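*Asks:*
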């Protein structure tokens, strides 16, 4: 596959984007996994690709890595086709599905991978960075899940890639494992490597990314800093005890976004909690009223939930 | 953090030969030898069979119907072929394990090209085949029973080794076809059938006529005749060569078909 003039390459406007997706669609039979995704990631950005399971994160990553091809649209990596970028060692990844051979040792696995690249980083150095230099002689079959994940990370560092892609890299790790994994990534990306990581842990996106791209049902629903994404779904939740609540009437109250009734409890997500509270207290027998602000967790649910408007809403500046 | 390194160094190159290199081959062979079951099946078993059937004084020193060698040499070549074929099949079939654990997928995010990967697998299989047949020939030499001129040891070994390429392709085909880690348990059974049908264990003349007719079309028949041609000083029949080449073609085509399906970027 030759990309003589890949879509990401814009002559005269500096180096090409690290990742450039234009109108990318991906269908599996009748299932539309990705439905028209545009994404442009510049050099040195650390971007979280956030969304619930089945949002299309892994499908998109597969296309960026050339493991699958888009049904429609263009994908380019540093202005090259994904496969070319991989062959040159510009991109590497820690995949959820990437397997390891149980009958090779940790060091052998790394040496095997290193031999595939021109001018790789030394195996010892990479194992040390990933914190597994002590277990180089251990068979992969004897390694814990966390150790295997660190080995995948070490393998991804071998080509000294310009772009590192991590697909839910800390799944299955305990809190301490996650923390030290991210510390290693941070230390390693300090020199300006571009990182794209998929996660469904909101705190990871919040803590480690400069930018969050929120996807849901194969569409981008938000793109901006953590603060911007939070602001998008700003608003409060009013909760009260109210027997026989009339959902339709509550929904008509000024400032109410959605109404949920669980037995005698009503939960109203709203952008004007004062107006909702006033209505509940004045016009209904509601009691035990409680008003809370939404965190990123709620923003996430609000933006990716089935009830959410599926149109693209970008809060970021000019991207 | 400096502001300078934000322009990526894009002036990199892909490795030559699709990533094929000798480190890969060395690590693959070491991996194979680490697997005790593989070593047992591909080296110890054929040697054991030779000791059992190749030294029997009731017939071992008899002359063959033609050529200067004795029956012990004939049996040694039979079992070297069986061992080599088991070994190359195991080597090829390793792709089944690599697919089932997701290693093939992992390799697809490296510069290693699918063709270079297949080349590595074939070569590893052939090295394993060579070690198996060497084990049988060395043990044969040590016992002193098989008798044939030195150049026949060499040509027979070479014929067995080259012939086992057919089964490296067979192993690959099956490795891509069967989605199981236990692929070798199925294949060693299939190979025993092929070996009986091809006259590797029992001379075909001892079978009923109908069976003999069918046997001529099975994958080990041609190879078995060809590898004994030097010892028996017979001119290879066109039918033997055709048998080996047609089966090689079938196995290669099958392997390529499944491989394309496996690496297709859907």
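Protein chains in written order, with the working numbering: chain A, 222 to 540; chain B, 995 to 1260. Cβ coordinates follow ideal geometry from the N, Cα and C atoms, glycine included. Because the structure is a prediction, the values reported are computed rather than measured.
(1) What's the gap between the Cα of residue 287 of chain A and the Cα of residue 244 of chain A?
(2) Would you be able to state if there are at least three C-beta pairs under 8 Å between the segment 1158-1176 of chain B and the segment 1244-1253 of chain B?
(3) Near residue 494 of chain A, which residues of its chain fall below 6 Å by C-beta distance, leaving aside the five closest residues on each side in sequence?
(4) Given a limit of 8 Å on CB to CB distance, which residues of the segment 1051-1064 of chain B reach chain A?
(5) At a Cβ threshold of 8 Å, is residue 1180 of chain B touching chain A?
(6) Restricting to Cα atoms, I'd like to know which of A:242, A:267, A:241 is closest to residue 430 of chain A.
(7) Determine which residues of the segment 1099-1121 of chain B have a Cβ less than 7 Å from any Cβ of chain A, and write them out in chain order.
(8) Run down chain B in chain order and give the residues with a C-beta less than 7 Å from the C-beta of residue 320 of chain A.
(9) Can you pull the DSSP bridge partners for residue 445 of chain A?
(10) So what's residue 254 of chain A in DSSP terms, helix, strand or just coil?
(11) Report, in whole angstroms, the separation of the C-beta atoms of residue 1157 of chain B and residue 1126 of chain B, which I expect to be a contact under 8 Å.
(12) Using a Cβ cut-off of 8 Å (strictly closer), state whether residue 233 of chain A contacts chain B.
(13) Does any residue of chain B bring its CB to less than 8 Å from the CB of residue 365 of chain A?
(14) How about the segment 1062-1072 of chain B and the segment 1222-1230 of chain B: do they share at least three Cβ pairs that are nearer than 8 Å?
(15) Would you tell me roughly how many angstroms separate the C-alpha atoms of residue 332 of chain A and residue 1154 of chain B, rounded to the nearest one?
(16) Measure from the C-beta of residue 428 of chain A to each C-beta in chain B and report whether the shortest distance is under 8 Å.
(17) Ordered along the chain, which non-local residues of its own chain (more than five positions away) have a Cβ less than 8 Å from that of residue 447 of chain A?
(18) Leaving out five residues on either side along the sequence, give the residues of the same chain with a beta carbon under 7 Å from the beta carbon of residue 285 of chain A.
(19) Compute the Euclidean distance between the alpha carbons of residue 231 of chain A and residue 311 of chain A, then round it to the nearest angstrom.
(20) Curious, which full-length beta strand (DSSP E) runs of at least 3 residues does the segment 254-321 of chain A contain?
(21) Return the first residue and the last residue of the alpha helix (DSSP H) that residue 1257 of chain B is part of.
(22) Name, please, each residue of chain A whose Cβ falls closer than 8 Å to the Cβ of residue 1029 of chain B.
(23) Determine whether the Cβ of residue 1013 of chain B lies closer than 8 Å to any Cβ atom of chain A.
(24) With a threshold of 8 Å between beta carbons, is residue 313 of chain A in contact with chain B?
(25) Under 8 Å Cβ-Cβ, which residues of chain B neighbour residue 343 of chain A?
(26) Would you say residue 1025 of chain B reaches chain A, if we count a Cβ-Cβ gap shorter than 8 Å as a contact?
(27) Between the C-alpha atoms of residue 261 of chain A and residue 328 of chain A, what's the straight-line distance to the nearest angstrom?
(28) Counting only beta-carbon atoms, is residue 258 of chain A nearer than 8 Å to chain B?
*Replies:* Let me lay it out:
(1) If you number the first chain from 1, residue 287 of chain A lands on position 66. If you number the first chain from 1, residue 244 of chain A lands on position 23. Whole-angstrom Cα-Cα distance: 16 Å.
(2) yes
(3) Along the first chain, read from residue 1 onward, the residue named residue 494 of chain A stands at position 273. So the qualifying residues of the chain are 457, 459, 512.
(4) none
(5) On the second chain, residue 1180 of chain B is found 186 positions in, with the first residue counted as 1. Closer than 8 Å: no.
(6) In the first chain, the residue the question calls residue 430 of chain A occupies position 209. Minimum Cα distance to residue 430 of chain A is reached at A:267.
(7) 1099, 1100, 1102, 1103, 1104, 1105, 1106
(8) Along the first chain, read from residue 1 onward, the residue named residue 320 of chain A stands at position 99. Going along chain B in sequence order, the residues near residue 320 of chain A (Cβ under 7 Å) are 1095, 1096, 1097, 1099, 1100.
(9) Here the question's residue 445 of chain A lines up with position 224 in the first chain. Note: residue 445 of chain A sits in a beta bridge opposite A:433.
(10) Indexing the first chain from 1 puts residue 254 of chain A at position 33. If DSSP states are grouped into helix, strand and coil, residue 254 of chain A belongs with the strands.
(11) Taking the first residue of the second chain as 1, we reach residue 1157 of chain B at position 163. Taking the first residue of the second chain as 1, we reach residue 1126 of chain B at position 132. Going by Cβ atoms, the distance from residue 1157 of chain B to residue 1126 of chain B rounds to 13 Å, so no, they are not a contact pair.
(12) Position 12 of the first chain, counted from the first residue, corresponds to residue 233 of chain A. With a pLDDT of only 47 at residue 233 of chain A, under 50, the local geometry of the prediction cannot be trusted, and the value read off the model is given with reservation. So no, residue 233 of chain A is outside the interface.
(13) As a position in the first chain, residue 365 of chain A is number 144, starting the count at 1. It does not; no Cβ of chain B falls within 8 Å.
(14) yes
(15) By one-based count along the first chain, residue 332 of chain A stands at place 111. By one-based count along the second chain, residue 1154 of chain B stands at place 160. C-alpha separation (whole angstroms): 33 Å.
(16) Your numbering for residue 428 of chain A matches position 207 in the first chain. No, residue 428 of chain A lies away from the interface with chain B (no Cβ there is under 8 Å from its Cβ).
(17) Taking the first chain and counting its residues from 1, one reaches residue 447 of chain A at position 226. Excluding residues within five positions, the ones whose Cβ falls inside 8 Å are 426, 427, 430, 433, 517.
(18) Sequence index remark: in the first chain, residue 285 of chain A carries index 64 (1-based). Excluding positions up to five away in sequence, the list reads 240, 296, 298, 303, 386.
(19) The count along the first chain starts at 1 and reaches residue 231 of chain A at position 10. The count along the first chain starts at 1 and reaches residue 311 of chain A at position 90. Its pLDDT being 45, under 50, residue 231 of chain A is placed unreliably in this model, and the coordinates cannot settle the point.
(20) 267-271, 293-298, 312-315
(21) Reading the second chain from its first residue, position 263 is the one you call residue 1257 of chain B. Counting along the chain, the alpha helix (DSSP H) containing residue 1257 of chain B begins and ends at 1232-1257.
(22) On the second chain, residue 1029 of chain B is found 35 positions in, with the first residue counted as 1. Chain A residues near residue 1029 of chain B: 324.
(23) In the second chain, the residue the question calls residue 1013 of chain B occupies position 19. Judged by the 8 Å Cβ criterion, residue 1013 of chain B is in contact with chain A.
(24) Translated into positions along the first chain, residue 313 of chain A becomes position 92. Residue 313 of chain A counts as touching chain B.
(25) Sequence index remark: in the first chain, residue 343 of chain A carries index 122 (1-based). Going along chain B, no residue has its Cβ under 8 Å from residue 343 of chain A, so there is no contact; the nearest lies around 14 Å.
(26) If you number the second chain from 1, residue 1025 of chain B lands on position 31. With 8 Å as the cut-off, residue 1025 of chain B counts as an interface residue toward chain A.
(27) Translated into the one-based positions of the first chain, residue 261 of chain A becomes position 40. Translated into the one-based positions of the first chain, residue 328 of chain A becomes position 107. Cα to Cα, residue 261 of chain A sits roughly 36 Å from residue 328 of chain A.
(28) Counted from its first residue, the first chain places residue 258 of chain A at position 37. Chain B contact via Cβ: absent.
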